[in-house]
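Take this note's numbering: the final residue in the sequence shown is number 846, and no numbers are missing along the way.
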Amino acid sequence: AYEKQIESLREEIKALKDERSQLHHQLEEGQVTSDRLKGEVARLSKQAKTISEFEKEIELLQAQKIDVEKHVQSQKREMRERMSEVTKQLLESYDIEDVRSRLSVEDLEHLNEDGELWFAYEGLKKATRVLESHFQSQKDCYEKEIEGLNFKVVHLSQEINHLQKLFREETDINESIRHEVTRLTSENMMIPDFKQQISELERQKQDLESRLKEQAEKIEGKLEEPFSHLNRIREEERMQGRAVEARSEMHPEGKERLVGAIHEPHEAIKFPKKQPEAEEEVESILQQEASRLSLEKRDLEEELDMKDRMIRRLQDQVKTLTKTTEKANHVHLPSGSREYLGMLEYKKEDEGKLIQNLILDLKPRGVVVNMIPGLPAHILFMCVRYADSLNDANMLKSLMNSAINGIKHVVKEHFEDLEMLSFWLSNTCHFLNCLKQYSGEEEFMKYNSPQQNKNCLNNFDLTEYRQILSDVAIRIYHQFIIVMENNLQPIIVPGMLEYESLQGISGLKPTGFRKRSSSIDDTDAYTMTSILQQLSYFYSTMCQNGLDPEIVRQAVKQLFYLVGAVTLNSLLLRKDMCSCRKGMQIRCNISFLEEWLKDKNVQSSLAKETLEPLSQAAWLLQVKKTTDSDAKEIAQCCTSLSAVQIIKILNSYTPIDDFEKRVNPSFVRKVQALLNNRGDSAQLMLDTKYLFQVTFPFTASPHALEMTQIPSSFKLGFLRRL
125 AYEKQIESLR EEIKALKDER SQLHHQLEEG QVTSDRLKGE VARLSKQAKT ISEFEKEIEL
185 LQAQKIDVEK HVQSQKREMR ERMSEVTKQL LESYDIEDVR SRLSVEDLEH LNEDGELWFA
245 YEGLKKATRV LESHFQSQKD CYEKEIEGLN FKVVHLSQEI NHLQKLFREE TDINESIRHE
305 VTRLTSENMM IPDFKQQISE LERQKQDLES RLKEQAEKIE GKLEEPFSHL NRIREEERMQ
365 GRAVEARSEM HPEGKERLVG AIHEPHEAIK FPKKQPEAEE EVESILQQEA SRLSLEKRDL
425 EEELDMKDRM IRRLQDQVKT LTKTTEKANH VHLPSGSREY LGMLEYKKED EGKLIQNLIL
485 DLKPRGVVVN MIPGLPAHIL FMCVRYADSL NDANMLKSLM NSAINGIKHV VKEHFEDLEM
545 LSFWLSNTCH FLNCLKQYSG EEEFMKYNSP QQNKNCLNNF DLTEYRQILS DVAIRIYHQF
605 IIVMENNLQP IIVPGMLEYE SLQGISGLKP TGFRKRSSSI DDTDAYTMTS ILQQLSYFYS
665 TMCQNGLDPE IVRQAVKQLF YLVGAVTLNS LLLRKDMCSC RKGMQIRCNI SFLEEWLKDK
725 NVQSSLAKET LEPLSQAAWL LQVKKTTDSD AKEIAQCCTS LSAVQIIKIL NSYTPIDDFE
785 KRVNPSFVRK VQALLNNRGD SAQLMLDTKY LFQVTFPFTA SPHALEMTQI PSSFKLGFLR
845 RL
């Protein structure tokens, strides 16, 4: 009977082993599910700008999380049920009294007969404990993963709420703009009608003027006609009188006859008697015609006055509508035909309000979108130009000191805020460039347009403040680099050294070293992708805030130096990382970094050169290290590594499998002999705190000051454009 029970127990043990393997398989599936969930979370973080997709992905993630929890709970229940069944069957298969009697002192020899059963029972208890500890660890792992997913879901939900708030604000602003544009459009549609009426009235005015001119010419012609006729009659009369006098002088004897003939009713001598009557008739006709023409002229003048008044009224309406359009588009649309001087007028008592709203209370989020780079800096400089135009030294000095102190205060207040530091580093550099660009110095004026040269400062030299601003910008840059390095440094060693991305390497460990239980096998371990994502976040933040491309390149160079220095220092201190395969892994990661430089178009930053020591260390781990020629090649090629570092890597080299061999000490001595002539430093570790010297290049702003407009969100309504 006991043998049958032992056989059944063995079968149950075998079944338990099968179930254990199935559970391992299920655990692997759970791991795959976890990886898939991580992929979904990463994809969600990339698609954070699309709120609808965010919500769908979060719902899917929550459903998958619930499924995983249900699956784990069901597995735990099934395991408990099976364990209880096994225990129950085991207890039922034993006769308790018989076992007790057999365990008595006098029946100890019966225990020896069934020692296999006792051994099987002990093995079953050990297997049970192993399974329980395994499932407990698996439970803890799942709980940590669920907690992490919950944290990510909460974080994404908060981000969605923030984005929705920003979208609502932007939607409200766009809606108000849309209503205002609609109203202005409806009013603008009346302008063509008014212009058409004006053109029609002007045409009528021209017609009336032309008619008046024609009538005036006709009147002049009619007036000239009677006078010319009268003049002709008078001329004929004079000629006849002269002729008579001449004849009388020539024939004195006929003088009496002619005098008598004059008194006769002759046609030629009747006209002088009728001349006064003709003149009176002509005058009366002329008076009638003049009165009629004066009446017509008065009517025409009244009609012209009426047309002029209508034209002026329509022109006034057009001007009113145009001014309304300019006022409504003051913030969102380009200004009209009015010419500005590129200055902002402010009162001395408003200086504190200006610094508070423009510097201390201004937030980068929402400001940098749809805005020229360095808009706060341009607004500040336009106020400086106003103080310069007044030739008020106290006003200008107070404004400059307040602005510089405000920038220092806001940077000190947010010394760990990456976006705020980037935003004010950009604006400080833009303000510094404005002081140079409009200083009136020849070396800077040559980059300006003729209009920009008209905006140069006229009364004060601000060279001293340029130096102060340069020092402030350097301090902001150093703090900005420190914040980025603090965020980047914890993920460098796990991503560059510990994480294995090459197939076939992750399962291999150097001989003589036990497997490290750090973040290598942790599901939340940092990878090379983590480093690239962090670098991309830094790069996008700098570009979004309008940092000069040259400053961006210098910051990237500094970050790449940190990656190379931290990785090389860790490699020098860890023998388990000094192997050929690890060199391949490092070389692969360096290629990822070089590809990132190419994608961001910052190859000219010399960032690649800062990785040269690490790249040579990776090559040293892979190269053959046996012959004299190998030693010469190492001495010639590893120029970026010091002799101490090369010897340290060779001595630390540890084979990862049987195909590799340790470096022979004689070979190390050969390399050391070849390196003795070098005069390089004896320092083993690189200085991770080293900072390259930063330079701020002068870049002339193409933006015209007179075109600069202030968004209403800045709350600077007390400033007036000039």
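Note that CB positions come from ideal geometry on N, CA and C, so glycine has one too.
In this structure the segment 571–590 does not lie against the segment 529–542, because fewer than three pairs of beta carbons, one per stretch, are closer than 8 angstroms. DSSP places F791 inside the alpha helix (DSSP H), whose first and last residues are 789–799. Residue state for L468 is assigned as strand, using DSSP reduced to three classes. In the DSSP assignment, F539 falls outside any alpha helix (DSSP H), carrying neither H nor E. The bridge partners DSSP lists for R845 are L468. For the set M701, D752, L717, N693, the Cα lying nearest the Cα of L808 is the one of N693.
About 7 angstroms separates the Cβ atoms of L815 and I605, confirming a contact at the 8 angstroms cut-off. Of the other Cβ atoms in all chains shown, 16 or more fall within 10 Å of the Cβ of G688; this residue is therefore buried. Ranking I483, C761, C702, E135 by CA distance to the CA of L774 puts C702 first. V818 carries a coil assignment under DSSP once its states are collapsed to helix, strand and coil.
For M831, the number of other beta carbons within 10 angstroms of its own is below 16, and it is reported as exposed.
Setting aside the 5 residues that flank it on each side, R509 is surrounded in the same chain by M467, each with a C-beta closer than 6 angstroms to its C-beta; the list follows chain order.
The Cβ atoms of Q740 and S764 sit closer than 9 angstroms to each other.
Taken through DSSP and simplified to helix, strand or coil, R509 comes out as helix. Considered as a whole, the segment 573–609 harbours 574–578 as its complete alpha helix (DSSP H) runs of no fewer than 4 residues, in chain order. Straight across, the Cα-Cα distance linking G498 with I301 is about 24 angstroms. The DSSP-derived three-state label of H827 is coil.
In the three-state DSSP reduction, A139 falls in the helix class (H, G or I).
Rounded to whole angstroms, the separation of the alpha carbons of E209 and L133 is 12 angstroms.
Spanning the alpha carbons of E131 and A139 requires a straight line of approximately 12 angstroms.
The way I'd put it, the segment 145–164 does touch the segment 184–197; three or more beta-carbon pairs between them come closer than 8 angstroms.
K170 is the residue among E473, Q591, K170 whose C-alpha sits nearest the C-alpha of I284. Taken through DSSP and simplified to helix, strand or coil, M809 comes out as coil.
D159 and T812 have their C-alpha atoms some 34 angstroms from each other. In the same chain as F539, and ignoring 5 residues on each side of it, the C-beta atoms closer than 7 angstroms to its own belong to Q603, in chain order. Within the model, the alpha-carbon separation for L308 versus E294 is close to 21 angstroms. Restricting attention to D142, R698, Q658, the CA atom closest to the CA of W720 is found in Q658.
For L695, the three-state secondary structure derived from DSSP is helix. Non-local beta-carbon contacts of F547 in its own chain, meaning distances under 6 angstroms to residues more than five positions away in sequence, involve P488, N669 in chain order.
If you look at I834, you'll find it isn't in any alpha helix (DSSP H); DSSP assigns it neither H nor E.
Taking each of N481, G476, I343, Y685 in turn and checking the Cα distance to S415, the smallest one comes out for I343. As the crow flies, the alpha-carbon of T734 is around 16 angstroms from that of L612. In this structure, the beta-carbon distance from T778 to D723 does not fall below 9 angstroms.
Of all alpha-carbon atoms in K431, R590, C507, L514, the one lying nearest the alpha-carbon of F842 is that of C507.
A distance below 8 angstroms between beta-carbons, with the five flanking residues on each side excluded, links K200 to the following residues of its chain, in chain order: F259, K263. In this structure L545 is not in contact with S594, their Cβ atoms being roughly 17 angstroms apart against a cut-off of 8 angstroms.
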